[in-house]
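Asker:
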Amino acid sequence: MKGKLEEPVISAPKLDMKMAAEVERTLSPGADGGRQFEMDDFDILDAEQGADARSLELKGHVGFDSLPDQLVNKSVSGGFCFNILCVGETGVGKSTLMDTLFNTQFEDEPAAHDVPGVHLKSKTYELQESNVRLKLNIVYTVGFGDQINKEDSYKPIVEYIDQQFENYLQEELKIKRGLHMYHDTRVHACLYFITPTGHSLKSLDLVTMKKLDSKVNIIPIIAKADTISKNELHKFKIKIMSELVSNGVQIYQFPTDDETVAELNATMNGHLPFAVVGSTDEVKVGNKMVRARVYPWGTVQVENENHCDFVKLREMLVRTNMEDLRETTHTRHYELFRRCRLEEMGFVDDDSDNKPFSLHETYEAKRVEHLNELQRKEEEMRQMFVVRVKEKEGELKEAEKELHAKFDQLKRQHSDEKKKLEEKKKMLEEEINLFNKKKQAAMAAQQQAQQAAASATQTIPKAHKKK
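First residue of the sequence shown? That's 82 in the numbering used here, and the numbers climb one at a time after it.
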(Lines of atoms letter the chains of each structure in order from A; the text may use other names.)
(Lines give C-alpha, C1' and ligand atoms only; values in the text may rest on other atoms or scores of the structure.)
Protein backbone atom coordinates (compact mmCIF):
# COMPACT_ATOMS: atom_id res chain seq x y z
CA MET A 82 0.00 0.00 0.00
CA LYS A 83 1.74 3.11 -1.21
CA GLY A 84 0.15 6.46 -0.60
CA LYS A 85 -1.45 8.44 2.15
CA LEU A 86 -4.00 7.14 4.61
CA GLU A 87 -6.44 10.02 5.02
CA GLU A 88 -8.12 9.31 8.37
CA PRO A 89 -6.29 6.86 10.63
CA VAL A 90 -7.91 6.08 13.92
CA ILE A 91 -4.80 6.57 16.05
CA SER A 92 -4.76 10.04 17.57
CA ALA A 93 -1.45 11.89 17.52
CA PRO A 94 -0.26 13.93 20.50
CA LYS A 95 -0.48 17.67 19.98
CA LEU A 96 2.63 19.67 19.31
CA ASP A 97 3.07 21.18 22.77
CA MET A 98 6.15 22.56 24.46
CA LYS A 99 7.16 19.08 25.56
CA MET A 100 7.42 17.97 21.96
CA ALA A 101 9.16 21.22 21.09
CA ALA A 102 11.76 20.57 23.75
CA GLU A 103 12.17 17.00 22.54
CA VAL A 104 12.59 18.12 18.94
CA GLU A 105 15.05 20.79 20.02
CA ARG A 106 17.04 18.17 21.91
CA THR A 107 17.16 15.52 19.17
CA LEU A 108 16.24 16.85 15.76
CA SER A 109 17.39 15.37 12.49
CA PRO A 110 17.86 18.07 9.84
CA GLY A 111 15.90 16.26 7.11
CA ALA A 112 12.78 14.26 6.57
CA ASP A 113 14.51 10.95 7.05
CA GLY A 114 17.16 11.54 9.64
CA GLY A 115 20.60 13.03 9.88
CA ARG A 116 22.97 14.29 12.55
CA GLN A 117 21.14 14.51 15.87
CA PHE A 118 22.36 17.23 18.22
CA GLU A 119 22.67 16.43 21.90
CA MET A 120 23.13 18.67 24.89
CA ASP A 121 26.44 16.90 25.53
CA ASP A 122 27.71 18.26 22.21
CA PHE A 123 27.09 21.82 23.37
CA ASP A 124 28.70 21.04 26.72
CA ILE A 125 31.81 19.87 24.89
CA LEU A 126 31.86 23.02 22.81
CA ASP A 127 31.54 25.12 25.96
CA ALA A 128 34.42 23.28 27.58
CA GLU A 129 36.67 23.64 24.54
CA GLN A 130 35.80 27.11 23.28
CA GLY A 131 34.18 29.10 26.05
CA ALA A 132 34.88 27.74 29.48
CA ASP A 133 34.90 31.31 30.85
CA ALA A 134 31.78 32.51 29.00
CA ARG A 135 29.85 35.17 30.88
CA SER A 136 26.12 35.07 31.48
CA LEU A 137 24.41 38.29 30.44
CA GLU A 138 20.91 39.56 31.06
CA LEU A 139 18.89 40.79 28.11
CA LYS A 140 17.39 44.26 28.37
CA GLY A 141 14.51 43.43 26.10
CA HIS A 142 12.85 40.78 23.94
CA VAL A 143 15.12 39.47 21.17
CA GLY A 144 13.10 36.63 19.70
CA PHE A 145 15.28 33.53 19.81
CA ASP A 146 12.86 32.02 22.29
CA SER A 147 10.85 31.06 19.19
CA LEU A 148 13.56 28.63 18.11
CA PRO A 149 11.69 25.57 19.48
CA ASP A 150 8.64 26.58 17.45
CA GLN A 151 10.81 27.00 14.36
CA LEU A 152 12.29 23.55 14.86
CA VAL A 153 8.86 22.03 15.37
CA ASN A 154 7.50 23.65 12.21
CA LYS A 155 10.53 22.61 10.18
CA SER A 156 10.42 19.01 11.39
CA VAL A 157 6.67 18.75 10.81
CA SER A 158 6.96 20.13 7.28
CA GLY A 159 9.78 17.69 6.50
CA GLY A 160 8.05 14.68 8.00
CA PHE A 161 9.49 11.80 10.00
CA CYS A 162 10.64 8.27 9.34
CA PHE A 163 10.41 5.17 11.49
CA ASN A 164 11.70 1.69 10.66
CA ILE A 165 10.45 -1.45 12.39
CA LEU A 166 11.99 -4.91 12.13
CA CYS A 167 9.61 -7.78 12.92
CA VAL A 168 11.50 -10.94 13.88
CA GLY A 169 9.57 -14.13 14.52
CA GLU A 170 8.60 -17.51 13.15
CA THR A 171 6.21 -17.82 10.24
CA GLY A 172 2.56 -17.63 11.28
CA VAL A 173 3.21 -16.03 14.68
CA GLY A 174 1.14 -12.95 13.78
CA LYS A 175 3.66 -10.30 12.68
CA SER A 176 1.59 -8.83 9.82
CA THR A 177 -1.63 -8.86 11.85
CA LEU A 178 -0.01 -6.97 14.72
CA MET A 179 1.36 -4.32 12.35
CA ASP A 180 -2.09 -3.83 10.85
CA THR A 181 -3.54 -3.54 14.36
CA LEU A 182 -0.81 -1.24 15.64
CA PHE A 183 -1.24 1.36 12.88
CA ASN A 184 -4.97 0.75 12.43
CA THR A 185 -4.77 0.11 8.70
CA GLN A 186 -4.41 -2.72 6.24
CA PHE A 187 -0.89 -3.10 4.88
CA GLU A 188 -0.59 -5.01 1.65
CA ASP A 189 1.34 -8.13 2.55
CA GLU A 190 1.18 -11.69 1.21
CA PRO A 191 1.39 -14.56 3.70
CA ALA A 192 4.71 -16.38 3.65
CA ALA A 193 5.06 -20.11 3.02
CA HIS A 194 6.66 -22.54 5.48
CA ASP A 195 8.88 -24.27 2.91
CA VAL A 196 11.34 -21.41 2.30
CA PRO A 197 14.88 -22.87 2.03
CA GLY A 198 16.51 -20.00 3.94
CA VAL A 199 15.83 -16.80 5.83
CA HIS A 200 15.47 -13.59 3.84
CA LEU A 201 14.16 -10.15 4.74
CA LYS A 202 11.29 -8.40 2.99
CA SER A 203 11.03 -4.64 3.33
CA LYS A 204 8.13 -2.36 2.40
CA THR A 205 7.76 1.39 2.85
CA TYR A 206 4.46 3.21 3.46
CA GLU A 207 3.61 6.88 3.76
CA LEU A 208 1.13 7.61 6.56
CA GLN A 209 -0.40 10.90 7.64
CA GLU A 210 -2.16 11.74 10.86
CA SER A 211 -3.43 15.29 11.30
CA ASN A 212 -0.60 17.38 9.84
CA VAL A 213 2.19 14.91 10.69
CA ARG A 214 3.60 12.74 7.91
CA LEU A 215 5.38 9.48 8.72
CA LYS A 216 7.38 7.35 6.32
CA LEU A 217 7.05 3.90 7.83
CA ASN A 218 9.34 1.07 6.78
CA ILE A 219 8.38 -2.44 7.92
CA VAL A 220 10.83 -5.32 7.54
CA TYR A 221 9.70 -8.94 7.92
CA THR A 222 11.91 -12.01 8.43
CA VAL A 223 10.56 -14.51 5.91
CA GLY A 224 11.32 -18.16 6.70
CA PHE A 225 12.76 -17.49 10.16
CA GLY A 226 12.67 -20.67 12.25
CA ASP A 227 11.29 -22.86 9.44
CA GLN A 228 14.50 -24.75 8.65
CA ILE A 229 15.65 -27.98 10.27
CA ASN A 230 19.12 -26.50 10.78
CA LYS A 231 18.56 -23.10 12.41
CA GLU A 232 22.21 -22.45 13.24
CA ASP A 233 22.65 -19.54 10.81
CA SER A 234 19.12 -18.15 10.89
CA TYR A 235 20.25 -14.92 12.56
CA LYS A 236 22.95 -14.08 9.99
CA PRO A 237 20.70 -12.54 7.28
CA ILE A 238 19.15 -10.28 9.95
CA VAL A 239 22.54 -9.09 11.24
CA GLU A 240 23.76 -8.54 7.68
CA TYR A 241 20.68 -6.47 6.83
CA ILE A 242 21.07 -4.21 9.89
CA ASP A 243 24.79 -3.72 9.22
CA GLN A 244 24.09 -2.96 5.57
CA GLN A 245 21.68 -0.17 6.50
CA PHE A 246 24.32 1.30 8.82
CA GLU A 247 26.91 0.98 6.07
CA ASN A 248 24.65 2.75 3.55
CA TYR A 249 24.16 5.66 5.95
CA LEU A 250 27.89 5.83 6.70
CA GLN A 251 28.75 5.92 3.00
CA GLU A 252 26.30 8.79 2.56
CA GLU A 253 27.95 10.63 5.46
CA LEU A 254 31.42 10.17 3.98
CA LYS A 255 30.50 11.60 0.58
CA ILE A 256 31.96 14.94 -0.41
CA LYS A 257 28.54 16.14 -1.52
CA ARG A 258 26.22 14.77 1.12
CA GLY A 259 22.47 14.70 0.82
CA LEU A 260 21.39 13.58 4.27
CA HIS A 261 18.40 15.92 4.19
CA MET A 262 17.09 13.98 1.17
CA TYR A 263 18.43 10.56 2.16
CA HIS A 264 15.90 7.85 2.98
CA ASP A 265 17.14 6.58 6.32
CA THR A 266 16.52 2.82 6.51
CA ARG A 267 18.36 2.14 9.76
CA VAL A 268 16.24 -0.08 11.99
CA HIS A 269 14.88 1.92 14.93
CA ALA A 270 12.95 -0.84 16.71
CA CYS A 271 13.05 -4.63 16.60
CA LEU A 272 9.83 -6.30 17.71
CA TYR A 273 10.89 -9.81 18.63
CA PHE A 274 7.87 -12.12 18.50
CA ILE A 275 8.15 -14.94 21.04
CA THR A 276 6.09 -18.06 20.41
CA PRO A 277 3.62 -18.57 23.31
CA THR A 278 4.91 -21.97 24.46
CA GLY A 279 4.40 -21.14 28.14
CA HIS A 280 7.67 -22.85 29.10
CA SER A 281 10.85 -20.99 28.16
CA LEU A 282 12.66 -19.29 25.31
CA LYS A 283 13.96 -21.38 22.46
CA SER A 284 17.69 -21.51 21.88
CA LEU A 285 17.09 -19.83 18.51
CA ASP A 286 15.49 -16.85 20.29
CA LEU A 287 18.36 -16.48 22.76
CA VAL A 288 21.07 -16.73 20.11
CA THR A 289 19.32 -14.28 17.77
CA MET A 290 18.61 -11.66 20.43
CA LYS A 291 22.18 -11.95 21.73
CA LYS A 292 23.51 -11.24 18.22
CA LEU A 293 21.15 -8.28 17.76
CA ASP A 294 21.20 -6.50 21.13
CA SER A 295 24.25 -4.37 20.27
CA LYS A 296 22.84 -3.37 16.87
CA VAL A 297 19.17 -2.56 17.41
CA ASN A 298 16.60 -1.71 20.09
CA ILE A 299 14.95 -5.04 20.96
CA ILE A 300 11.43 -5.02 22.35
CA PRO A 301 10.36 -8.60 23.15
CA ILE A 302 6.66 -9.40 22.84
CA ILE A 303 4.70 -12.59 23.40
CA ALA A 304 2.61 -13.16 20.29
CA LYS A 305 -0.88 -14.66 20.33
CA ALA A 306 -1.04 -14.26 24.11
CA ASP A 307 -4.68 -15.41 24.15
CA THR A 308 -3.54 -19.02 23.65
CA ILE A 309 -2.25 -19.46 27.21
CA SER A 310 -3.88 -18.84 30.56
CA LYS A 311 -3.29 -15.81 32.73
CA ASN A 312 -1.25 -17.69 35.37
CA GLU A 313 0.85 -19.39 32.71
CA LEU A 314 1.41 -16.03 31.01
CA HIS A 315 2.63 -14.43 34.25
CA LYS A 316 5.08 -17.29 34.88
CA PHE A 317 6.16 -17.22 31.23
CA LYS A 318 7.04 -13.51 31.46
CA ILE A 319 9.13 -14.08 34.59
CA LYS A 320 10.90 -17.03 32.94
CA ILE A 321 11.67 -15.02 29.80
CA MET A 322 13.17 -12.07 31.67
CA SER A 323 15.18 -14.44 33.88
CA GLU A 324 16.65 -16.19 30.84
CA LEU A 325 17.43 -12.90 29.10
CA VAL A 326 19.30 -11.62 32.16
CA SER A 327 21.18 -14.88 32.75
CA ASN A 328 22.30 -14.98 29.11
CA GLY A 329 23.34 -11.33 29.04
CA VAL A 330 20.81 -10.19 26.46
CA GLN A 331 20.32 -6.41 26.58
CA ILE A 332 16.79 -5.43 25.57
CA TYR A 333 15.56 -1.86 25.09
CA GLN A 334 14.62 -0.14 28.32
CA PHE A 335 12.18 2.76 28.11
CA PRO A 336 14.04 5.90 29.26
CA THR A 337 13.42 7.32 32.70
CA ASP A 338 15.55 10.48 32.43
CA ASP A 339 12.62 12.62 31.28
CA GLU A 340 10.55 13.56 34.30
CA THR A 341 7.35 13.86 32.27
CA VAL A 342 7.39 10.17 31.28
CA ALA A 343 9.81 8.70 33.82
CA GLU A 344 7.13 7.17 36.04
CA LEU A 345 5.16 5.73 33.11
CA ASN A 346 8.24 4.26 31.44
CA ALA A 347 9.53 2.80 34.68
CA THR A 348 6.19 1.09 35.22
CA MET A 349 6.12 -0.24 31.65
CA ASN A 350 9.65 -1.62 31.97
CA GLY A 351 8.24 -3.92 34.62
CA HIS A 352 5.62 -5.24 32.21
CA LEU A 353 8.12 -6.48 29.61
CA PRO A 354 7.76 -8.61 27.59
CA PHE A 355 4.38 -7.37 26.39
CA ALA A 356 1.77 -10.06 25.81
CA VAL A 357 -0.17 -8.92 22.76
CA VAL A 358 -3.11 -9.98 20.62
CA GLY A 359 -3.67 -8.58 17.15
CA SER A 360 -6.92 -8.26 15.21
CA THR A 361 -8.46 -5.85 12.70
CA ASP A 362 -11.96 -7.32 13.00
CA GLU A 363 -14.49 -5.10 14.74
CA VAL A 364 -17.03 -6.70 17.06
CA LYS A 365 -19.92 -5.08 18.88
CA VAL A 366 -19.43 -5.28 22.63
CA GLY A 367 -22.14 -3.54 24.56
CA ASN A 368 -22.96 -0.32 22.74
CA LYS A 369 -19.68 0.20 20.91
CA MET A 370 -17.58 -1.47 18.22
CA VAL A 371 -14.17 -2.70 19.34
CA ARG A 372 -11.37 -4.64 17.70
CA ALA A 373 -11.46 -8.14 19.08
CA ARG A 374 -11.10 -11.87 18.44
CA VAL A 375 -14.24 -13.96 18.95
CA TYR A 376 -13.95 -17.49 20.33
CA PRO A 377 -16.59 -20.05 21.34
CA TRP A 378 -15.76 -19.34 24.98
CA GLY A 379 -15.76 -15.55 24.73
CA THR A 380 -14.27 -12.42 23.17
CA VAL A 381 -10.71 -11.09 23.51
CA GLN A 382 -10.64 -7.31 23.13
CA VAL A 383 -7.41 -6.03 21.65
CA GLU A 384 -7.53 -2.65 23.40
CA ASN A 385 -8.69 -3.97 26.75
CA GLU A 386 -5.70 -3.91 29.12
CA ASN A 387 -7.29 -6.67 31.21
CA HIS A 388 -7.10 -8.97 28.16
CA CYS A 389 -3.65 -8.18 26.71
CA ASP A 390 -0.80 -5.62 26.63
CA PHE A 391 -1.49 -4.22 23.16
CA VAL A 392 -2.34 -0.75 24.50
CA LYS A 393 0.89 -0.72 26.52
CA LEU A 394 2.90 -1.64 23.44
CA ARG A 395 1.25 1.05 21.33
CA GLU A 396 1.70 3.66 24.06
CA MET A 397 5.41 2.87 24.49
CA LEU A 398 6.33 2.28 20.85
CA VAL A 399 4.31 4.93 19.04
CA ARG A 400 2.96 7.56 21.40
CA THR A 401 5.74 8.02 23.97
CA ASN A 402 9.14 6.68 22.92
CA MET A 403 9.25 6.73 19.12
CA GLU A 404 11.68 9.66 19.08
CA ASP A 405 13.84 8.07 21.78
CA LEU A 406 14.07 4.90 19.70
CA ARG A 407 15.23 6.99 16.74
CA GLU A 408 17.73 8.86 18.92
CA THR A 409 19.08 5.70 20.56
CA THR A 410 19.56 4.09 17.16
CA HIS A 411 21.63 7.06 15.99
CA THR A 412 23.60 7.90 19.12
CA ARG A 413 24.24 4.38 20.39
CA HIS A 414 23.95 1.62 17.81
CA TYR A 415 24.97 3.58 14.73
CA GLU A 416 27.78 5.39 16.56
CA LEU A 417 29.16 2.02 17.71
CA PHE A 418 29.07 0.71 14.14
CA ARG A 419 30.56 3.95 12.80
CA ARG A 420 33.40 3.97 15.31
CA CYS A 421 34.31 0.36 14.55
CA ARG A 422 34.22 0.93 10.79
CA LEU A 423 36.34 4.09 10.98
CA GLU A 424 38.85 2.33 13.22
CA GLU A 425 39.03 -0.45 10.64
CA MET A 426 39.81 2.23 8.05
CA GLY A 427 42.63 3.52 10.26
CA PHE A 428 40.98 6.67 11.64
CA VAL A 429 41.56 7.53 15.30
CA ASP A 430 40.78 10.60 17.43
CA ASP A 431 44.33 10.91 18.80
CA ASP A 432 47.59 9.39 17.65
CA SER A 433 50.18 7.73 19.88
CA ASP A 434 51.64 11.14 20.84
CA ASN A 435 48.22 12.51 21.84
CA LYS A 436 48.28 14.94 18.95
CA PRO A 437 45.01 16.14 17.42
CA PHE A 438 43.51 13.99 14.72
CA SER A 439 44.46 14.99 11.17
CA LEU A 440 42.39 13.63 8.30
CA HIS A 441 45.12 14.47 5.76
CA GLU A 442 47.83 12.70 7.74
CA THR A 443 45.61 9.69 8.32
CA TYR A 444 44.76 9.57 4.62
CA GLU A 445 48.42 9.80 3.62
CA ALA A 446 49.42 7.15 6.16
CA LYS A 447 46.65 4.88 4.97
CA ARG A 448 47.62 5.55 1.35
CA VAL A 449 51.28 4.70 2.02
CA GLU A 450 50.24 1.61 3.94
CA HIS A 451 48.00 0.58 1.07
CA LEU A 452 50.77 1.13 -1.49
CA ASN A 453 53.22 -0.87 0.64
CA GLU A 454 50.67 -3.62 0.95
CA LEU A 455 50.20 -3.62 -2.82
CA GLN A 456 53.96 -3.79 -3.38
CA ARG A 457 54.28 -6.60 -0.88
CA LYS A 458 51.48 -8.54 -2.54
CA GLU A 459 52.99 -7.83 -5.96
CA GLU A 460 56.37 -9.15 -4.80
CA GLU A 461 54.73 -12.22 -3.28
CA MET A 462 52.84 -12.84 -6.50
CA ARG A 463 56.04 -12.41 -8.54
CA GLN A 464 57.93 -14.86 -6.33
CA MET A 465 55.02 -17.24 -6.41
CA PHE A 466 54.93 -16.91 -10.19
CA VAL A 467 58.65 -17.72 -10.46
CA VAL A 468 58.27 -20.71 -8.14
CA ARG A 469 55.29 -21.99 -10.11
CA VAL A 470 57.13 -21.48 -13.42
CA LYS A 471 60.06 -23.49 -12.11
CA GLU A 472 57.74 -26.17 -10.83
CA LYS A 473 56.01 -26.23 -14.20
CA GLU A 474 59.35 -26.44 -16.02
CA GLY A 475 60.36 -29.36 -13.82
CA GLU A 476 57.03 -31.07 -14.50
CA LEU A 477 57.46 -30.48 -18.25
CA LYS A 478 61.03 -31.85 -18.20
CA GLU A 479 59.88 -34.93 -16.33
CA ALA A 480 57.07 -35.36 -18.82
CA GLU A 481 59.57 -34.93 -21.68
CA LYS A 482 61.84 -37.60 -20.19
CA GLU A 483 58.91 -39.94 -19.83
CA LEU A 484 57.88 -39.27 -23.41
CA HIS A 485 61.44 -39.95 -24.66
CA ALA A 486 61.62 -43.17 -22.66
CA LYS A 487 58.26 -44.27 -24.03
CA PHE A 488 59.38 -43.32 -27.54
CA ASP A 489 62.60 -45.36 -27.22
CA GLN A 490 60.66 -48.30 -25.82
CA LEU A 491 58.13 -48.12 -28.63
CA LYS A 492 60.99 -47.81 -31.15
CA ARG A 493 62.66 -50.94 -29.78
CA GLN A 494 59.35 -52.79 -29.77
CA HIS A 495 58.78 -51.69 -33.35
CA SER A 496 62.28 -52.84 -34.39
CA ASP A 497 61.81 -56.26 -32.72
CA GLU A 498 58.40 -56.72 -34.27
CA LYS A 499 59.83 -55.69 -37.65
CA LYS A 500 62.61 -58.32 -37.35
CA LYS A 501 60.08 -60.96 -36.40
CA LEU A 502 57.90 -60.01 -39.34
CA GLU A 503 60.88 -60.13 -41.73
CA GLU A 504 61.82 -63.59 -40.45
CA LYS A 505 58.26 -64.78 -40.84
CA LYS A 506 58.18 -63.25 -44.31
CA LYS A 507 61.40 -65.07 -45.24
CA MET A 508 60.02 -68.34 -43.94
CA LEU A 509 56.79 -67.83 -45.85
CA GLU A 510 58.75 -67.09 -49.04
CA GLU A 511 60.78 -70.28 -48.60
CA GLU A 512 57.61 -72.27 -48.00
CA ILE A 513 56.04 -70.68 -51.06
CA ASN A 514 59.10 -71.57 -53.21
CA LEU A 515 59.07 -75.12 -51.91
CA PHE A 516 55.39 -75.37 -52.55
CA ASN A 517 55.85 -74.07 -56.10
CA LYS A 518 58.61 -76.65 -56.77
CA LYS A 519 56.40 -79.45 -55.46
CA LYS A 520 53.56 -78.13 -57.55
CA GLN A 521 55.70 -78.05 -60.70
CA ALA A 522 56.96 -81.58 -60.02
CA ALA A 523 53.41 -82.82 -59.50
CA MET A 524 52.25 -81.13 -62.65
CA ALA A 525 55.15 -82.67 -64.63
CA ALA A 526 54.36 -86.11 -63.25
CA GLN A 527 50.72 -85.66 -64.10
CA GLN A 528 51.58 -84.68 -67.66
CA GLN A 529 53.80 -87.70 -68.05
CA ALA A 530 51.05 -89.94 -66.77
CA GLN A 531 48.57 -88.40 -69.16
CA GLN A 532 50.99 -88.86 -72.07
CA ALA A 533 51.56 -92.48 -71.11
CA ALA A 534 47.85 -93.12 -70.90
CA ALA A 535 47.29 -91.52 -74.28
CA SER A 536 49.99 -93.60 -75.96
CA ALA A 537 48.52 -96.73 -74.39
CA THR A 538 45.09 -96.05 -75.83
CA GLN A 539 46.62 -95.64 -79.28
CA THR A 540 48.43 -99.02 -79.21
CA ILE A 541 45.34 -101.10 -78.16
CA PRO A 542 43.28 -100.51 -81.34
CA LYS A 543 46.24 -101.46 -83.53
CA ALA A 544 46.52 -104.83 -81.81
CA HIS A 545 42.85 -105.63 -82.47
CA LYS A 546 43.26 -104.85 -86.14
CA LYS A 547 46.14 -107.36 -86.47
CA LYS A 548 43.91 -110.10 -85.05
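Positions of the beta carbon are idealized from the N, C-alpha and C atoms, including for glycine.
Evaluate contact between the segment 167-176 and the segment 213-229, counting only Cβ atoms and requiring at least three cross-stretch pairs below 8 angstroms.
Answerer: Counting Cβ pairs under 8 angstroms, three or more are found: they touch.
Asker: Taking the straight line between their C-alpha atoms, what separation do you get for E103 and P197?
Answerer: Locating residue 103 in the sequence shown gives position 22, where the first residue counts as 1. Locating residue 197 in the sequence shown gives position 116, where the first residue counts as 1. With a pLDDT of 45 at E103, under the threshold of 50, the predicted position of this residue should be treated as unreliable, and no value is reported.
Asker: Considering only residues of the same chain and omitting the five flanking positions on each side of T540, which have a CB-CB separation below 6 angstroms?
Answerer: Taking the sequence shown and counting its residues from 1, the one referred to as residue 540 is at position 459. Result list for T540: empty, nothing under 6 angstroms.
Asker: Over what stretch of residues does the beta strand (DSSP E) that includes A373 continue unbroken?
Answerer: Sequence index remark: in the sequence shown, residue 373 carries index 292 (1-based). That run of the beta strand (DSSP E) goes K369 to Y376.
Asker: Is it the case that the Cβ atoms of F335 and N402 are separated by a distance below 8 angstroms?
Answerer: Position 254 of the sequence shown holds residue 335. Position 321 of the sequence shown holds residue 402. Contact flag set, yes.
Asker: According to DSSP, simplified to helix, strand and coil, what is Q529?
Answerer: The residue you call residue 529 lines up with position 448 of the sequence shown. Reduced to three states, the DSSP call for Q529 is helix.
Asker: Below 8 angstroms between beta carbons: does that hold for N298 and A343?
Answerer: In the sequence shown, residue 298 corresponds to position 217, counting from 1. In the sequence shown, residue 343 corresponds to position 262, counting from 1. Cβ atoms of N298 and A343: not closer than 8 angstroms.
Asker: Could you pull out every residue in the same chain whose Cβ sits closer than 7 angstroms to the Cβ of H352, ignoring the five residues on either side in sequence?
Answerer: As a position in the sequence shown, residue 352 is number 271, starting the count at 1. Correct list, in chain order: D390 and K393.
Asker: To the nearest angstrom, report how far apart K175 and A193 are at their CA atoms.
Answerer: Looking up residue 175 in the sequence shown gives position 94. Looking up residue 193 in the sequence shown gives position 112. Rounded to the nearest angstrom, the two C-alpha atoms are 14 angstroms apart.
Asker: Of all the options R395, Q531, N212 and N387, which has the alpha carbon lying nearest to the alpha carbon of D307?
Answerer: Position 226 of the sequence shown holds residue 307. When only C-alpha atoms are compared, the closest one is N387.
Asker: Would the beta-carbon of L272 fall within 8 angstroms of that of E324?
Answerer: Here the question's residue 272 lines up with position 191 in the sequence shown. Here the question's residue 324 lines up with position 243 in the sequence shown. Their beta carbons are not under 8 angstroms apart, which means L272 does not touch E324 by this criterion.
Asker: With which residues is P301 paired in a DSSP beta bridge?
Answerer: Here the question's residue 301 lines up with position 220 in the sequence shown. DSSP, once it has assigned bridges, lists Y273 as partnering P301.
Asker: Here's a check: name, in chain order, each residue in its chain whose Cβ is nearer than 8 angstroms to the Cβ of V173, leaving out the five neighbours to either side.
Answerer: Within the sequence shown, residue 173 is the residue found at index 92, counting from 1. Within the same chain, V173 has close Cβ partners F274, T276, A304 and K305.
Asker: Tell me the residue span of the alpha helix (DSSP H) that contains K320.
Answerer: Within the sequence shown, the letter at position 239 stands for residue 320. Looking at the DSSP string, the run of the alpha helix (DSSP H) that includes K320 is K311 to S327.
Asker: Considering only the beta carbon of each residue, do G359 and T185 sit closer than 8 angstroms?
Answerer: Position 278 of the sequence shown holds residue 359. Position 104 of the sequence shown holds residue 185. It is not a contact, given that the beta carbons lie outside the stated cut-off.
Asker: Which same chain residues end up closer than 6 angstroms to N350 when comparing Cβ atoms and leaving out the 5 residues on each side of it in sequence?
Answerer: The residue given as residue 350 occupies position 269 in the sequence shown. Excluding positions up to five away in sequence, the list reads Q334 and F335.
Asker: Kindly list the residues whose CB is nearer than 8 angstroms to the CB of N517, restricted to its own chain and excluding five residues on each side of it in sequence; keep chain order.
Answerer: For the purposes of this step, residue 517 is identified with residue 436 of the sequence shown, where counting begins at 1. None.
Asker: So, F246 versus Y415, is the Cβ gap smaller than 8 angstroms?
Answerer: For the purposes of this step, residue 246 is taken as residue 165 along the sequence shown, with counting starting at 1. For the purposes of this step, residue 415 is taken as residue 334 along the sequence shown, with counting starting at 1. Yes, they are a contact pair.
Asker: Measuring only from the beta carbon, is D150 closer than 7 angstroms to any heavy atom that is part of the ligand NAD?
Answerer: For the structure depicted, the ligand NAD is absent and the ligand set is empty, with no information on it obtainable.
Asker: According to DSSP, is D150 helix, strand or coil?
Answerer: To locate residue 150, count along the sequence shown from 1; it is residue 69. Of the three classes helix, strand and coil, the one that applies to D150 here is helix, per DSSP.
Asker: Grab the span of the alpha helix (DSSP H) containing L201 for me, first residue to last.
Answerer: As a first step, residue 201 is located in the sequence shown; it is residue number 120 there, counting from the start. Note, L201: premise wrong, no alpha helix (DSSP H); beta strand (DSSP E) at H200 to E210.
Asker: Classify H411 as buried or exposed, calling it buried when 16 or more other Cβ atoms lie within 10 Å of its own Cβ.
Answerer: To locate residue 411, count along the sequence shown from 1; it is residue 330. H411 is buried by the Cβ-count criterion.
Asker: Have a look at G141, L314, R422 and R395 and flag the residue whose alpha-carbon is nearest the alpha-carbon of Q244.
Answerer: As a first step, residue 244 must be located in the sequence shown, where it is residue number 163. Taking only the C-alpha atoms, the option nearest Q244 is R422.
Asker: Can you tell me whether DSSP reads F355 as helix, strand or coil?
Answerer: Along the sequence shown, one-based indexing puts residue 355 at 274. Three-state result, F355: strand.
Asker: I need the straight-line Cα distance from R419 to N385, nearest angstrom please.
Answerer: Residue numbering aside, residue 419 sits at position 338 when the sequence shown is read from its first letter. Residue numbering aside, residue 385 sits at position 304 when the sequence shown is read from its first letter. So the alpha carbons of these two residues sit roughly 42 angstroms apart.
Asker: Less than 8 angstroms separating the beta-carbons of G427 and K458?
Answerer: Counting from one through the sequence shown, the residue named residue 427 turns up at place 346. Counting from one through the sequence shown, the residue named residue 458 turns up at place 377. Cβ distance not < 8 angstroms, so G427 and K458 don't count as in contact.
Asker: So for K365, helix, strand or coil by DSSP?
Answerer: Along the sequence shown, read from residue 1 onward, the residue named residue 365 stands at position 284. In the structure shown, K365 sits in a strand (DSSP, three-state: E or B).
Asker: Quick one: Cα of L509 to Cα of E503, how far?
Answerer: Within the sequence shown, residue 509 is the residue found at index 428, counting from 1. Within the sequence shown, residue 503 is the residue found at index 422, counting from 1. Cα to Cα, L509 sits roughly 10 angstroms from E503.
Asker: In its own chain, which residues sit with a C-beta less than 8 angstroms from the C-beta of G259, not counting the 5 before and 5 after it?
Answerer: For the purposes of this step, residue 259 is taken as residue 178 along the sequence shown, with counting starting at 1. These residues qualify, in order along the chain: E252.
Asker: Which runs of the alpha helix (DSSP H) at least 4 residues long sit entirely within the segment 389-421? Give them in chain order.
Answerer: Those alpha helix (DSSP H) runs which fall completely within the segment 389-421 and span 4+ residues are 391-395 and 403-409.
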